[in-house]
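Data block below; observations after.
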Amino acid sequence: MTYHPFFIEGADRPSRWLITCDHAANTVPPFVNGGCLGLGAADMARHIAYDVGAAGVARELGAQLDAPVILSNFSRLVIDPNRGEDDPTLLMKLYDGTIIPGNRHAGHDELTLRLNRCYRPYHTALAELAARRPDTVLISVHSFTRQLQGRPPRPWQVGVLYAADERLSRPLIARLREEQDLCVGENEPYGGHLPGDAIARHAIAYQRPNVLLELRNDLIEQHDDQIAWARRLAPILNEAADRAGI
């Protein structure tokens with residue numbers, strides 16, 4: 002079976018929205034250690050390998066917004082598409098206390114292989130989608146675990162991450178905080194900018210409005226919950242964009 006490093010759904014959808022899911026899959030391609038990183042199935046099903054539930058939310062959000070969706074098809078433990086090529090965490094050898102055996106001896110040649118077979122094709126396709134309209138608005142869908150090892154539980158159901166461009170993030174945070182049942186994180190549980198990350202490359206560099214959505218993964222583990230969250234978020238995103246005048 003031919004390996005593809007990404008999938009695109011709704012490439013011809015006309016909306017200005019573009020939905021991305023950088024950590025959609027826990028796939029280990031066959032050319033990486035024979036398709037195994039040396040971790041058990043339980044570890045590969047955890048947040049260390051991919052963003053649990055994010056792909057389902059992204060797909061349905063694309064359907065609701067009539068927008069194309071691009072999803073990675075490689076585990077972030079293979080190589081992380083939401084990092085710059087010179088980021089030291091691009092290829093992780095230890096993640097949330099778990100040693101990644103298949104990455105232990107990965108050197109320059111292995112990194113280059115993964116860049117050329119996974120990372121760069123994904124970003125090339127993302128760049129082409131983002132350029133299809135002059136008014137693209139980029140929404141990056143991620144999920145986060147409720148609690149990292151040795152850390153306190155995180156209180157947020159949803160986080161809105163952004164860097165210097167606040168055009169969409171500010172009205173979106175305000176609109177989400179109107180929802181009485183939500184605890185909304187602003188640049189939580191992570192900071193909103195990493196040099197060379199996907200939004201920096203495909204939105205900030207072109208002055209495209211953007212936001213990164215983080216959903217707590219225990220809330221979107223099940224398919225029905227993914228659908229429900231996407232259907233809840235779609236009109237909220239449209240309202241926030243209208244408030245922002247974009």
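Read left to right, the sequence shown gives residues 2 to 247 (the working numbering).
Glycine included, every Cβ here is placed at the ideal spot set by N, Cα and C.
These figures come from a predicted structure and were not determined experimentally.
Exercise. For residue 229, which option in 65, 13, 32 and 120 has the closest C-alpha, if you only look at C-alpha atoms?
Worked result: Taking the sequence shown and counting its residues from 1, the one referred to as residue 229 is at position 228. Checked all of 65, 13, 32 and 120; the closest Cα to residue 229 is 65.
Exercise. The beta strand (DSSP E) with residue 211 in it runs from where to where?
Worked result: In the sequence shown, residue 211 corresponds to position 210, counting from 1. Start and end: 211–217.
Exercise. What's the call for residue 86, buried or exposed, on a 16-neighbour Cβ count within 10 Å?
Worked result: Numbered from its first residue, the sequence shown carries residue 86 at position 85. Exposed, since its Cβ has fewer than 16 Cβ neighbours within 10 Å.
Exercise. Identify the residues that DSSP records as bridge partners of residue 96: which are they?
Worked result: Residue numbering aside, residue 96 sits at position 95 when the sequence shown is read from its first letter. For residue 96, which the question treats as bridged, DSSP gives the partners 99.
For this session: Give the single residue among 53, 175, 97 and 204 whose Cα lies nearest to the Cα of residue 127.
Result: Reading the sequence shown from its first residue, position 126 is the one you call residue 127. Nearest option by C-alpha distance: 204.
For this session: Along the alpha helix (DSSP H) that carries residue 109, what are the first and last residues, could you check?
Result: Position 108 of the sequence shown, counted from the start, is the residue given in the question as residue 109. 109–115 is the extent of the alpha helix (DSSP H) around residue 109.
Exercise. Is residue 125 buried or exposed, if buried means 16 or more other CB atoms sit within 10 Å of its CB?
Worked result: If you number the sequence shown from 1, residue 125 lands on position 124. So residue 125 ends up on the exposed side.
Exercise. So residue 230 is in the alpha helix (DSSP H); what residue range does that whole segment cover?
Worked result: The residue labelled residue 230 in the question sits at position 229 within the sequence shown. 224–245 is the extent of the alpha helix (DSSP H) around residue 230.
Exercise. Quick one: any contact between the segment 94–104 and the segment 40–50, if contact means 3 or more CB pairs under 8 Å?
Worked result: Between the segment 94–104 and the segment 40–50, the count of Cβ pairs shorter than 8 Å is three or higher; the stretches touch.
For this session: Mind checking which residues open and close the alpha helix (DSSP H) that includes residue 63?
Result: Start at 1 with the first residue of the sequence shown, and residue 63 comes out as number 62. Residue range 55–66 is occupied by the alpha helix (DSSP H) that includes residue 63.
Problem set entry | Where residue 158 falls, given that 16 or more other Cβ within 10 Å makes a residue buried | Residue numbering aside, residue 158 sits at position 157 when the sequence shown is read from its first letter. Classification of residue 158: buried, given that the 10 Å Cβ count is 16 or more.
Problem set entry | Short Cβ contact (7 Å threshold) for residue 25 with residue 56 | Residue numbering aside, residue 25 sits at position 24 when the sequence shown is read from its first letter. Residue numbering aside, residue 56 sits at position 55 when the sequence shown is read from its first letter. Result yes, Cβ atoms of residue 25 and residue 56 sit closer than 7 Å.
For this session: Could you tell me the boundaries of the beta strand (DSSP E) in which residue 143 lies?
Result: Working through the sequence shown from its first residue, we reach residue 143 at position 142. Unbroken beta strand (DSSP E) run through residue 143: 138–145.
For this session: Run the proximity test for residue 53: is its beta-carbon closer than 6 Å to any non-hydrogen atom belonging to the ligand FAD?
Result: Absence of the ligand FAD from the depicted structure is noted, as is the absence of any ligand whatsoever, leaving it without description.
Problem set entry | Distance CB(residue 59)-CB(residue 22) smaller than 7 Å | Numbered from its first residue, the sequence shown carries residue 59 at position 58. Numbered from its first residue, the sequence shown carries residue 22 at position 21. Between residue 59 and residue 22, the CB-CB gap stays under 7 Å.
Problem set entry | Where residue 1 falls: helix, strand or coil (DSSP) | Beyond the ends of the chain as shown, which are 2 and 247, falls residue 1; an answer cannot be given.
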